[in-house]
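Student: Residue numbers (my numbering), protein chains in the order written: chain A, 1 to 501; chain B, 502 to 1002.
2 protein chains.
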Amino acid sequence: MSKQAKTAISPTREENYPEWYQQVVRAAELAENSDVRGCMVIKPWGYALWENIRTGLDGYFKATGHVNAYFPLFIPLSYLEKEAEHVEGFAKECAVVTHHRLEAGPDGKLVPAGELEEPLVVRPTSETIIGATYAKWVQSYRDLPILINQWANVVRWEMRTRLFLRTTEFLWQEGHTVHETKEEAWEETVKMLNVYKQFAEEYMAMPVLIGEKTAGERFPGAVNTLCIEALMQDCKALQAGTSHFLGQNFAKASGIKFQSREGREETAWTTSWGVSTRLIGGMIMTHGDDDGMIMPPRLAPSHVVVLPIIRNDTDKEKIMQYCNETAVLLRAQSYAGRPVEVVVDDRDINAGEKGWQWVKKGIPLRVEIGPRDMENGGVYVARRDKGAKEKYGQSRAEFVSTIAEVLGDMQKNLFDRACAFRAENTRMIDSWDEFVTFFKEGRGGFALAHWDGTEETEQKINDELSVTIRCIPFDYEQSGSGKCVVSGRPSKGRVVFAKSY
Amino acid sequence: MSKQAKTAISPTREENYPEWYQQVVRAAELAENSDVRGCMVIKPWGYALWENIRTGLDGYFKATGHVNAYFPLFIPLSYLEKEAEHVEGFAKECAVVTHHRLEAGPDGKLVPAGELEEPLVVRPTSETIIGATYAKWVQSYRDLPILINQWANVVRWEMRTRLFLRTTEFLWQEGHTVHETKEEAWEETVKMLNVYKQFAEEYMAMPVLIGEKTAGERFPGAVNTLCIEALMQDCKALQAGTSHFLGQNFAKASGIKFQSREGREETAWTTSWGVSTRLIGGMIMTHGDDDGMIMPPRLAPSHVVVLPIIRNDTDKEKIMQYCNETAVLLRAQSYAGRPVEVVVDDRDINAGEKGWQWVKKGIPLRVEIGPRDMENGGVYVARRDKGAKEKYGQSRAEFVSTIAEVLGDMQKNLFDRACAFRAENTRMIDSWDEFVTFFKEGRGGFALAHWDGTEETEQKINDELSVTIRCIPFDYEQSGSGKCVVSGRPSKGRVVFAKSY
Chain A
1 MSKQAKTAIS
11 PTREENYPEW
21 YQQVVRAAEL
31 AENSDVRGCM
41 VIKPWGYALW
51 ENIRTGLDGY
61 FKATGHVNAY
71 FPLFIPLSYL
81 EKEAEHVEGF
91 AKECAVVTHH
101 RLEAGPDGKL
111 VPAGELEEPL
121 VVRPTSETII
131 GATYAKWVQS
141 YRDLPILINQ
151 WANVVRWEMR
161 TRLFLRTTEF
171 LWQEGHTVHE
181 TKEEAWEETV
191 KMLNVYKQFA
201 EEYMAMPVLI
211 GEKTAGERFP
221 GAVNTLCIEA
231 LMQDCKALQA
241 GTSHFLGQNF
251 AKASGIKFQS
261 REGREETAWT
271 TSWGVSTRLI
281 GGMIMTHGDD
291 DGMIMPPRLA
301 PSHVVVLPII
311 RNDTDKEKIM
321 QYCNETAVLL
331 RAQSYAGRPV
341 EVVVDDRDIN
351 AGEKGWQWVK
361 KGIPLRVEIG
371 PRDMENGGVY
381 VARRDKGAKE
391 KYGQSRAEFV
401 STIAEVLGDM
411 QKNLFDRACA
421 FRAENTRMID
431 SWDEFVTFFK
441 EGRGGFALAH
451 WDGTEETEQK
461 INDELSVTIR
471 CIPFDYEQSG
481 SGKCVVSGRP
491 SKGRVVFAKS
501 Y
Chain B
502 MSKQAKTAIS
512 PTREENYPEW
522 YQQVVRAAEL
532 AENSDVRGCM
542 VIKPWGYALW
552 ENIRTGLDGY
562 FKATGHVNAY
572 FPLFIPLSYL
582 EKEAEHVEGF
592 AKECAVVTHH
602 RLEAGPDGKL
612 VPAGELEEPL
622 VVRPTSETII
632 GATYAKWVQS
642 YRDLPILINQ
652 WANVVRWEMR
662 TRLFLRTTEF
672 LWQEGHTVHE
682 TKEEAWEETV
692 KMLNVYKQFA
702 EEYMAMPVLI
712 GEKTAGERFP
722 GAVNTLCIEA
732 LMQDCKALQA
742 GTSHFLGQNF
752 AKASGIKFQS
762 REGREETAWT
772 TSWGVSTRLI
782 GGMIMTHGDD
792 DGMIMPPRLA
802 PSHVVVLPII
812 RNDTDKEKIM
822 QYCNETAVLL
832 RAQSYAGRPV
842 EVVVDDRDIN
852 AGEKGWQWVK
862 KGIPLRVEIG
872 PRDMENGGVY
882 VARRDKGAKE
892 KYGQSRAEFV
902 STIAEVLGDM
912 QKNLFDRACA
922 FRAENTRMID
932 SWDEFVTFFK
942 EGRGGFALAH
952 WDGTEETEQK
962 INDELSVTIR
972 CIPFDYEQSG
982 SGKCVVSGRP
992 SKGRVVFAKS
1002 Y
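Here it is as structure tokens:
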């Protein structure tokens, strides 16, 4: 048996994980690099996945009282400068618009012309430009809360990019809310973190830890940053979403003030929260195997591909009719609130190759239909969460009537698998030796260890092992007090360490 | 009666149409100008309208075999230059990114740094950047057609901007397709024009004329530009959507070649087509009245607002319960494929003012519920397409059971009204005197007149009257031959003249 037949993706995860990742993105036709430095082209299969992510999240946002709006792509430089830490955090990675037209230069080639009085930054995030608008909208406590989300593209000039995980331009949503009190703003910050957790687990089948970031890992300008952290199959953590409690920092910078119930002028409290196309990278690295992508059914662009197996022309018409009928029957079913989505792939190419293309794309179910299946009123089914060779025959009627159940079972199976993987690769660690061994000789993973709370210790661990504190769990004191794994100083509870993307 | 009570918008359409437009956009809370030159903030009510437009159009695109994808925001300058007419058309209005970070200048203020080797243009449209990708994707006739659409933001540095109608940044969709043959590409161009027409008429209730643009009005680089043209209430035309037959111009510029069925290398044929947030401007100017916006029910963000009329605290709880029940009953109904969307506005503000806010926002139905209505099991209804004072009582049961019918009737009424307006303001004109009178002394409108087919005549009419040829109807020869209204030279048929946005 040739190597090609055994594995669709080369190299395997074991051989070279980062390269495996790139090859999965390519083979699944999710995205590719464009000729523009660090910017990707999101291909139809990848974009359909993003549309489903958007629809799912948007449902949660609306259910929690948020509405969508749209704010400008450009931020005047002076706005970005209003919050000192914020601009400091983004200054090194800003795309700057300096001119507003092109004209022929001395050699006849076009050059930028019409220099702007004030340069415009392409939004890396929108706190400052949205804040300027909110300052105009908010007069009284009656105008609060403002609960707005924006779906948009943003640009951060990253030096090293990787498809979905870190790109110069990416798609995301950014929620920006304004509140009367500190308590309400904090409640919102936590609420949206929990929305992210729920979405990650219920839609993406990707278990996440939640907690606070350390001071050094906070969003520039935030008082507190909360995050969801997932464990990838190479045992590195992925920060998959963040929710920021901004205190009054940005409200002060933008002048968001209101007349309180007591008639006093007060400064508002704000939050912001976002997830991006990075989530797609997280799904690939959580579920993908050596055969390619595996789509969790709740987000899969299509649930089923029907593959006609045609051996001669006389069968063709009948088989195609049976396949199309099967698609119609399936589409009348629904799973998790949307109709079952079916592709009938009747392209005239090699059947084996065609099947493998769908394996790599990660479609949940492949249904092969040949003359014998047709005669028996049957179908031949392969589940993407099982081995590529594991197929079973079934009557069509039964397959159709149990489709939602099967997809639900796959969704659960993927989540359970990911939870088991995380459990296997999470360790309570109490000595520096063990800590070093875990990350240097072992595969790494989530290390739950005591930390003395100092930046110095955090930095030392990062310098020596490239390991960071992923989060301080909300309930970290419940893990019991102990001694810092580095300094031996007292610690109130365990925090989560890992290497990360 | 105060003036305020008679009209919600000041000035009226009659008094000052452009200013009326701005005031409607403001009062309906659709959008506002941002501090960034020419860029708008699309407010939640306006964005929800755009979301409905997007959903509606996306359905048509998918039904005609298209899929969505996403391409980079930035276009290398050299790509834009590949098509000479194209770059010529957009050079004067390009936002140009020249630097990729900010650093402290001599006086400590941040200045652009990290100059790019090649400037990047923020996409004004994506033919060239998408073409570069397609050139890689297309090898053989088997890879064709490519039928992709993108929902995106684009930037054109316009000198005079107006909310929705002409803004520096706007939201749009752009379809980009590649075909094997000229015939197929032309068929696609026409098909998508008809999709736009159907959407404009069935969703927006805005009748449109269709036809070809003259050479001078074509998209830069296109062989032919088709358009939909609507007539606004000030008798000016609005170009609401365009579909371009690009021939082989862009395929040559980007190198989109394929091996044909006969094994020869051939250059592909491409099309592009787009509509934008400008459609919202078209809806305002087609349906709006002196009381504000009127939302066609098929696109309205919400269909019904329930307004509790509470005169004292003892009634409050009961009335609120009755109102909420009414909302639940309505939401169980559906209209045009989506559930009826209902807002219960229980804000503690003046009831008259509250009602006017919803009139201005253009919500199709306002339902007032006071103690007496409640006791009678009734509701008190106002339709936005009727006068603001025209209200009727009805049993709640009847109102709920006929809601889809009423909304459908409103949708039809708005379309019929707009068609009647267009008919009243469309004139066959056969002499220059009459032509001048129509546009100079009269209100103008669509003039169907003979044209000799020369650019010279077209220019003369534009210079003298600021009137342009909006389109050459596909069937223009059926209107019969005649003599050019300016030169007296022979003409094969009538073309459509108007002043325009």
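Don't be surprised by glycine CBs; every beta carbon is placed ideally from N, CA and C.
Predicted model only: the values in this text are computed from it and were never measured.
Report the rounded CA-to-CA distance for H179 (chain A) versus G131 (chain A), giving the unit in angstroms.
Tutor: Computed Cα separation, rounded: 13 angstroms.
Student: Within 10 angstroms of the Cβ of A833 (chain B), are there 16 or more other Cβ atoms? Answer buried if so, exposed if not.
Tutor: Burial call: exposed.
Student: According to DSSP, is T181 (chain A) part of a helix, a strand, or is it coil?
Tutor: Coil.
Student: Got a sec, what are the start and stop residues for the alpha helix (DSSP H) C419 (chain A) sits in?
Tutor: Looking at the DSSP string, the run of the alpha helix (DSSP H) that includes C419 (chain A) is 403-424.
Student: Alpha carbon to alpha carbon, how far is P112 (chain A) from V1044 (chain B)? Give it in angstroms, no decimals.
Tutor: The structure shown has nothing for residue 1044 (chain B), since chain B only spans 502 to 1002.
Student: Any idea which residues DSSP pairs H176 (chain A) with across the strands?
Tutor: Looking at the DSSP assignment, H176 (chain A) forms a beta bridge with A:I148, A:S272.
Student: Residues of chain B with CB closer than 7 angstroms to the CB of A420 (chain A), please, in chain order.
Tutor: Going along chain B, no residue has its Cβ under 7 angstroms from A420 (chain A), so there is no contact; the nearest lies around 34 angstroms.
Student: I'd like to know whether the C-beta atoms of E504 (chain A) and P145 (chain A) end up nearer to each other than 8 angstroms.
Tutor: As displayed, chain A neither begins before 1 nor continues past 501, which places residue 504 (chain A) out of reach and without an answer.
Student: Straight-line CA distance for I429 (chain A) to S334 (chain A)?
Tutor: About 46 angstroms.
Student: I need the straight-line Cα distance from I820 (chain B) to A251 (chain A), nearest angstrom please.
Tutor: Cα to Cα, I820 (chain B) sits roughly 38 angstroms from A251 (chain A).
Student: Assign F74 (chain A) to buried or exposed, taking buried as 16 or more other Cβ atoms, counted over all protein chains shown, within 10 Å of its Cβ.
Tutor: Per the 10 Å Cβ criterion, buried.
Student: Please list the terminal residues of the continuous beta strand (DSSP E) segment that includes A113 (chain A).
Tutor: That run of the beta strand (DSSP E) goes 110-122.
Student: Check the Cβ of R101 (chain A) against every Cβ in chain B and list those closer than 7 angstroms, keeping chain order.
Tutor: Within 7 angstroms Cβ-Cβ: A592, K593, E594, C595, W658.
Student: Using alpha carbons as the reference points, say which of A:V223, A:S140, A:V208, A:L414 lies closest to T214 (chain A).
Tutor: The shortest Cα separation from T214 (chain A) among A:V223, A:S140, A:V208, A:L414 belongs to A:V223.
Student: I want to see whether chain B comes within less than 8 angstroms of V486 (chain A), judged by CB atoms only; does it?
Tutor: It does not; no Cβ of chain B falls within 8 angstroms.
Student: Kindly indicate which three-state DSSP category N877 (chain B) falls into: helix, strand or coil?
Tutor: The answer is coil: DSSP assigns N877 (chain B) none of H, G, I, E or B.
Student: Got a sec: is the Cβ-Cβ distance from V623 (chain B) to anything in chain A below 8 angstroms?
Tutor: Yes, its Cβ sits closer than 8 angstroms to a Cβ of chain A.
Student: Whose C-beta lies closer than 7 angstroms to the C-beta of S988 (chain B) among residues of the same chain, with five residues either side of it excluded?
Tutor: Cβ within range, chain order: D953, T958.
Student: CB I210 (chain A) to CB C419 (chain A), shorter than 8 angstroms?
Tutor: Against a cut-off of 8 angstroms, the Cβ pair of C419 (chain A) and I210 (chain A) comes out as no contact.
Student: What residue range is occupied by the uninterrupted beta strand (DSSP E) comprising K252 (chain A)?
Tutor: Looking at the DSSP string, K252 (chain A) is not in any beta strand (DSSP E); the run it does join, the alpha helix (DSSP H), is 249-254.
Student: Please state whether DSSP places S579 (chain B) in a helix, a strand or coil.
Tutor: Three-state result, S579 (chain B): helix.
Student: How about L1003 (chain B) and T743 (chain B): do their beta carbons lie closer than 8 angstroms?
Tutor: Outside the displayed span of chain B (502 to 1002) sits residue 1003 (chain B), for which this structure offers no information.
Student: Determine which residues share a DSSP beta bridge with Y836 (chain B) and list them.
Tutor: BP columns for Y836 (chain B) point to B:R839.
Student: So, for V379 (chain A): in the same chain, excluding its five sequence neighbours on each side, which residues have a beta-carbon less than 7 angstroms away from its beta-carbon?
Tutor: Within the same chain, V379 (chain A) has close Cβ partners T326, V367, I369, D373, Q394, R396, F399.
Student: Quick one: measure Cβ to Cβ for M794 (chain B) and V525 (chain B), integer angstroms, because I've assumed they're closer than 8 angstroms.
Tutor: Going by Cβ atoms, the distance from M794 (chain B) to V525 (chain B) rounds to 6 angstroms, so yes, they are a contact pair.
Student: Quick one: is R494 (chain A) buried, meaning 16 or more other Cβ sit within 10 Å of its Cβ, or exposed?
Tutor: When all chains shown are included, R494 (chain A) counts as buried.
Student: Quick one: give me the first and last residue of the beta strand (DSSP E) that M660 (chain B) is part of.
Tutor: Looking at the DSSP string, M660 (chain B) is not in any beta strand (DSSP E), and its letter there is neither H nor E.
Student: Between the Cα of G221 (chain A) and the Cα atoms of A:Y322, A:E81, A:T314, which residue gives the shortest distance?
Tutor: Here the closest residue by C-alpha is A:E81.
Student: For D143 (chain A), go through chain B and note every residue whose CB falls closer than 9 angstroms to its CB, in chain order.
Tutor: The contacting residues do not exist; D143 (chain A) stays about 11 angstroms from chain B at best.
Student: Under 8 angstroms Cβ-Cβ, which residues of chain B neighbour T457 (chain A)?
Tutor: What T457 (chain A) touches in chain B: nothing, since even the nearest Cβ is about 31 angstroms away.
Student: Could you tell me whether the Cβ of A132 (chain A) comes closer than 8 angstroms to any Cβ of chain B?
Tutor: So, interface residue.
Student: Rank B:T682, B:S579, B:L603 by C-alpha distance to the C-alpha of T629 (chain B) and give the top, closest one.
Tutor: The shortest C-alpha separation from T629 (chain B) is found at B:S579.
Student: Might you give, ordered along the chain, the residues of its own chain that have their beta carbon closer than 7 angstroms to the beta carbon of T161 (chain A), omitting 5 neighbours on each side?
Tutor: For T161 (chain A), where only same-chain residues beyond five positions count, the Cβ hits under 7 angstroms are G38, T167, T168.
Student: Are V691 (chain B) and A741 (chain B) touching if we call contact CB-CB under 8 angstroms?
Tutor: Not a contact, by the Cβ cut-off of 8 angstroms.
Student: Whose C-beta lies closer than 6 angstroms to the C-beta of P44 (chain A) among residues of the same chain, with five residues either side of it excluded?
Tutor: Contacts found: none.
Student: Cα separation between V304 (chain A) and G408 (chain A)?
Tutor: Answer to the nearest angstrom: the Cα atoms are 13 angstroms apart.
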